[in-house]
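Just below is one structure, and these are the notes that go with it.
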Amino acid sequence: MTQALSEQSLAKLKRYLSDYQPQLEKAIQAIQVLKSANTESEEFAQALADLHVCATVLEPYSEGIVEAIDQFTEEQSD
C-alpha cells in the first residue's frame with residue numbers, strides 16, 4: 001500500500017461523511033420529535049415525513065460509507 005492510496009481512501013471517506021452528517025442530524029431531530037410529539041399533531045406528521053426523506057437519502061450514502069470504510073481499513077492493514 002502506498003501513502004497516496006491511503007490518502008485517497010481517507011479523502012473519499014471524508015467526502016461521504018460530509019454528505020452524510022447533515023442528513024443524519026436531520027434524521028436524529030425528526031426522531032426526537034417523533035418520540036415526544038402527539039401522534040395526531042402536524043409536528044408529528046412533518047417529523048415522520050422528514051425522517052422518511054432522510055432515510056431515503058441516507059440509504060445509498062450508507063452503502064457508500066461502508067465501502068469507503070472497508071477500503072480505508074483494508075489499506076491500513078496492508
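All residue numbers for the sequence shown refer to this note's numbering, where the first residue is 1 and numbers rise by one. Ideal Cβ placement from N, Cα and C applies to all residues, glycine included.
Subject >> Backbone CA spacing between E64 and A37 [nearest angstrom] >> reply: Working through the sequence shown from its first residue, we reach residue 64 at position 64. Working through the sequence shown from its first residue, we reach residue 37 at position 37. Residue identity differs from the one stated: residue 64 is Gly in this sequence, not Glu. Spanning the two alpha carbons is a distance of roughly 33 Å.
Original post:
Cα separation between L48 and I31?
Top reply: Position 48 of the sequence shown holds residue 48. Position 31 of the sequence shown holds residue 31. Going from the Cα of L48 to the Cα of I31 covers about 8 Å.
Original post:
What are the start and end residues of the alpha helix (DSSP H) that includes T73?
Top reply: Start at 1 with the first residue of the sequence shown, and residue 73 comes out as number 73. Where T73 is concerned, the enclosing alpha helix (DSSP H) stretches over 42 to 77.
**OP:** Please confirm whether K12 and A55 have their CB atoms less than 7 Å apart.
**Re:** The count along the sequence shown starts at 1 and reaches residue 12 at position 12. The count along the sequence shown starts at 1 and reaches residue 55 at position 55. Not closer than 7 Å, so no.
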